[in-house]
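Numbering (our numbering), first residue to last: 236 to 394.
Think of the CB as a built atom: it goes at the ideal place given N, C-alpha and C, for glycine as much as any other residue.
Next up, the structure:
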């Protein structure tokens, strides 16, 4: 998957549309829902293509799990951030693309059953960790502009 970088639409990070407490409650519920959804997939559904170029459902699930793993543990967050920054610099890619590729690769060796099991274990940890992220970190701007397809915008580190 490749992110296009180009014209900035705003210098300021987008403000959350949800109250933080609501967002945290929804995050916990969504991790559980993702695990349940993945658990209900048939083997052929895991192999279906997605809107993400080159990624099937299994790759997207590996990325989602990788993001949850990153948020759930400070050492894992550091490992993924350092690894993705090195890869981005080496390949000239956007850091977010290097990060998501790292996550897909990291979880590629797991069976689909293991992906579901890991989501059930890591999801609640990720939700708790996100809840504890201090405001001074949550409100910091990510150093690269993010292309959301129709709009380029600054993202922040948290909710």
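So, using beta-carbon positions, are residue i and residue j closer together than 7 Å?
i	j	result
residue 301	residue 260	no
residue 306	residue 252	no
residue 304	residue 339	no
residue 281	residue 295	no
What does DSSP give as the partner residues of residue i in its beta bridges?
i	result
residue 291	284
Out of the options, point me to the one whose CA is closest to residue i's CA.
i	options	result
residue 324	379, 364, 297 and 350	379
residue 299	337, 322 and 327	337
residue 297	275, 334, 318 and 384	334
residue 179	266, 317, 254 and 294	One cannot answer for residue 179 here, as it falls past the ends of the chain, which runs 236 to 394.
residue 352	331, 270 and 308	270
residue 289	332, 387, 355 and 354	332
Applying the criterion that 16 or more other CB atoms from any shown protein chain within 10 Å of the CB defines a buried residue, is residue i buried or exposed?
i	result
residue 277	exposed
residue 365	buried
residue 273	buried
residue 384	exposed
residue 317	exposed
residue 315	buried
residue 254	exposed
How would you write the range of the alpha helix (DSSP H) that residue i sits in, first residue to last?
i	result
residue 272	255 to 274
residue 334	330 to 342
residue 357	347 to 367
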